[in-house]
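K.L.:
Straight run, no breaks: the sequence shown in numbering that gives the first Met the number 0 ends on number 392.
Built from N, CA and C at the ideal position, the CB exists for glycine as well.
Keep in mind the model is a prediction, meaning the values are calculated, not measured.
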Amino acid sequence: MTSTVEPPAVRAAHQPSWWDRQGDLIMRRPFNEWTFTHMNWLMPTEHVARGGPHLPLPLSPCPLDLTYRFDDRDHTLTELHRRTFTTAFVVLHRGEIVHETYPGAFAGPRSRMQLFSVSKSVTSMLIGIALADGSIGSVKDRVTDYRPDFRGTAYEESTLADLLDMTSGVGDAEVWDVPDSGIKRFEQAVMGGGDVAAVIRAAPRRSAPGESFNYSTFDAQLLGWVLEAATGRSLAAYASERLWSHIGADRDAYYWLTRAHPRTAIGGGSFNATARDVARLGLLMANDGVVAGEQVVPRDWVRRSRGSDLPHLAVGALGPSGYDHYGYANQWWTLGESSFNAFTGLGVHGQYLFVDPTADVVIVKCSAWPAQDDERRDRETITALRRVADHFA
0 MTSTVEPPAV RAAHQPSWWD RQGDLIMRRP FNEWTFTHMN WLMPTEHVAR GGPHLPLPLS
60 PCPLDLTYRF DDRDHTLTEL HRRTFTTAFV VLHRGEIVHE TYPGAFAGPR SRMQLFSVSK
120 SVTSMLIGIA LADGSIGSVK DRVTDYRPDF RGTAYEESTL ADLLDMTSGV GDAEVWDVPD
180 SGIKRFEQAV MGGGDVAAVI RAAPRRSAPG ESFNYSTFDA QLLGWVLEAA TGRSLAAYAS
240 ERLWSHIGAD RDAYYWLTRA HPRTAIGGGS FNATARDVAR LGLLMANDGV VAGEQVVPRD
300 WVRRSRGSDL PHLAVGALGP SGYDHYGYAN QWWTLGESSF NAFTGLGVHG QYLFVDPTAD
360 VVIVKCSAWP AQDDERRDRE TITALRRVAD HFA
């Protein structure tokens, strides 16, 4: 009888290599508690120098013995952290640290946290700054005005406004559990030395620009590349000069970069900073873009990030690529039905930069969820964060 057992070399050819699977390994629990605080050990990086004067955040600690209601039960914040794998949790009220804890095994006040798609909100802030300084002409400009190499692709007709609101109409649904999905091919190119731009250029058009929401890291990556082309600076250099050196940060931040040359930051997902420094970004957004009397982010840009008048971006109207408790605007997730008009940056595996301007509350929650997306954990987290804001309001 002929054997049906494949030789080892054939079996190996059928199996993904470690190189192909490194993204999965980096994100798997319990390893991700370490990797999410040590991305600079795993990938090439470019620092975002803090420079400027250091502006310490005042400490005014108070116990947060409140409870939040979820699934017909009351839970404490300690239970939230256990149930949602919190690694860092910082609460500001009126610009002061009123609560801070680091449940993560490798996290602390000086740990720089992997923020994933909270990076998109940072990119948006930088776009607003570049518009104010004239490096970018208008949100009505097309991608190809700055990146002519995208002529002939599905992005040829897309404007910067389309990208900012995730309404480019390009690309499939962003799903992480399908091996050949666009986002998985993007991840493999980023970490395995592939051609990232080629992956994005190959993305198909699914709808007309501006018509419907489809969450897309490709859109955010293009915004980062547009920013670099417009300013003649790397994303990290521009962020340092125009943002990070103005917020009084504790530490340098950094972007990790693609393995392939020319190396590039992932404007949609590779920003790393301490939880306190991320809270400083939230404070900037809560204060209409002003820090220490300086207008760092334009006021109208901050207001644009708090909500949109477009019906397909309203809370509950985003469709299959957005949870029904969110709307979207300007690379931020909005919570417009809230009496506090809160909005938040979000990253996979449970990263949050929650801003409630009316309550004057900023909350940073970093996490190490077992999966990239988890609607139940997200809904519970947002319920808890809004309860904290309500407590101070």
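Compute the Euclidean distance between the alpha carbons of S337 and V354, then round it to the nearest angstrom.
P.N.:
Residue placement at S337 cannot be trusted, given a pLDDT of 48 that sits under 50; what the coordinates show is reported in the next sentence. Roughly 12 Å between the two C-alpha positions.
K.L.:
In angstroms, rounded to a whole number, what distance separates the CA positions of V225 and R146?
P.N.:
Answer to the nearest angstrom: the Cα atoms are 7 Å apart.
K.L.:
Can you find the residues in the same chain that come closer than 6 Å, C-beta to C-beta, to S59, ignoring five residues on each side of it along the sequence?
P.N.:
Once the five neighbours on either side are set aside, the close Cβ partners of S59 are E95, V97.
K.L.:
DSSP state of T263, grouped into three classes?
P.N.:
Coil.
K.L.:
How many angstroms separate the CA atom of M190 from the CA atom of Q113?
P.N.:
Whole-angstrom Cα-Cα distance: 15 Å.
K.L.:
Return the CA-CA distance between V347 and H53, expressed in angstroms with no decimal places.
P.N.:
Using only the alpha carbons, I get a separation of about 30 Å.
K.L.:
From the DSSP secondary-structure annotation, give me the bridge partner or partners of A328.
P.N.:
W331.
K.L.:
Of the choices T382, P356, R68, whose alpha-carbon is the least far from that of A392?
P.N.:
The residue with the shortest Cα to Cα distance from A392 is P356.
K.L.:
Just to confirm, are A367 and G344 a CB contact at a threshold of 9 Å?
P.N.:
Cβ distance not < 9 Å, so A367 and G344 don't count as in contact.
K.L.:
Mind listing, in chain order, the continuous alpha helix (DSSP H) runs of no fewer than 4 residues lying wholly within the segment 131–214?
P.N.:
159–163, 181–191, 195–200, all fully within the segment 131–214.
K.L.:
Have a look at the DSSP bridge pairing and note the partners of Q220.
P.N.:
In DSSP, Q220 forms no bridge with anything.
K.L.:
For A396, does the three-state DSSP call read helix, strand or coil?
P.N.:
No answer is possible for residue 396: it lies beyond the span of the chain, which begins at 0 and ends at 392.
K.L.:
Taking C-beta to C-beta, are S211 and G133 nearer than 9 Å?
P.N.:
No; because the gap between Cβ atoms is not below 9 Å, this pair is not in contact.
K.L.:
Which value, in whole angstroms, describes the spacing of the CA atoms of D194 and I265?
P.N.:
Distance between the alpha carbons of D194 and I265: 13 Å.
K.L.:
Could you check the C-alpha separation between S110 and V296 for me, to the nearest Å?
P.N.:
In a straight line, the C-alpha of S110 is about 26 Å away from that of V296.
K.L.:
Which residues in the same chain have their Cβ closer than 6 Å to the Cβ of G127, if we skip the five residues on either side of it in sequence?
P.N.:
Correct list, in chain order: V296, P297, W300.
K.L.:
Hey, G315 and D323 are a contact pair by Cβ (cut 8 Å); roughly how many whole angstroms apart?
P.N.:
With a Cβ gap of about 5 Å, G315 and D323 count as contacting.
K.L.:
For H393, which three-state DSSP category applies?
P.N.:
Nothing can be reported for residue 393: it is not among the residues displayed for the chain, which extend from 0 to 392.
K.L.:
When DSSP builds the beta bridges, which residues end up paired with M112?
P.N.:
Partner(s): A272.
K.L.:
With distances taken Cα to Cα, identify the nearest neighbour of F342 among M284, N31, L91.
P.N.:
Among M284, N31, L91, the Cα nearest to that of F342 is on M284.
K.L.:
Can you tell me whether DSSP reads G344 as helix, strand or coil?
P.N.:
Three-state result, G344: strand.
K.L.:
Out of I362, T143, V117, R376, state which residue places its alpha-carbon closest to the alpha-carbon of L384.
P.N.:
With distances taken between Cα atoms, L384 lies closest to I362.
K.L.:
Figure out for me which residue from D144, F185, P43, R204 has the closest Cα to the Cα of T166.
P.N.:
Comparing Cα-Cα distances from T166 to each of D144, F185, P43, R204, the minimum goes to R204.
K.L.:
Please work out which residues of its chain come closer than 6 Å, Cβ to Cβ, to T382, disregarding the five sequence neighbours upstream and downstream, and give them in chain order.
P.N.:
Excluding sequence neighbours, T382 sits near Y67, F69.
K.L.:
Could you check the C-alpha separation between R376 and P369 for me, to the nearest Å?
P.N.:
Spanning the two alpha carbons is a distance of roughly 11 Å.
K.L.:
Along the chain, where does the beta strand (DSSP E) that runs through V361 open and close?
P.N.:
It spans 360–366 - the beta strand (DSSP E) in which V361 sits, taken as one unbroken run.
K.L.:
Taking 9 Å as the threshold (C-beta atoms), are Y214 and G326 in contact?
P.N.:
Result no, Cβ atoms of G326 and Y214 do not sit closer than 9 Å.
K.L.:
Can you tell me the Cα-Cα spacing of I246 and S304, whole angstroms?
P.N.:
Approximately 19 Å, taken between the alpha carbons.
K.L.:
Quick check on V177: buried or exposed, where buried means 16 or more other Cβ atoms within 10 Å of its Cβ?
P.N.:
V177 comes out exposed.
K.L.:
In this structure, does DSSP put G381 in helix, strand or coil?
P.N.:
Residue 381 is actually Ile in this sequence, not Gly. Helix, per DSSP.
K.L.:
By a C-beta neighbour count over all protein chains shown, 10 Å radius and 16 as the cutoff for buried, is C365 buried or exposed?
P.N.:
Label assigned to C365: buried.
K.L.:
Identify the residues that DSSP records as bridge partners of H98: which are they?
P.N.:
Looking at the DSSP assignment, H98 forms a beta bridge with V90.
K.L.:
Exposed or buried, which one is E45 when buried takes at least 16 other CB atoms within 10 Å?
P.N.:
Its Cβ being crowded by 16 or more others within 10 Å, E45 is buried.
K.L.:
Just to confirm, are S116 and T216 a CB contact at a threshold of 9 Å?
P.N.:
Yes. Within cutoff.
K.L.:
With distance defined between alpha-carbon atoms, name the residue in L91, L222, R27 nearest to Q330.
P.N.:
Nearest C-alpha to Q330: L222.
K.L.:
Beta-carbon within less than 8 Å of R258's beta-carbon, same chain only, minus the 5 sequence neighbours each way: which residues are those?
P.N.:
M42, P43, V189, M190, G191, G192.
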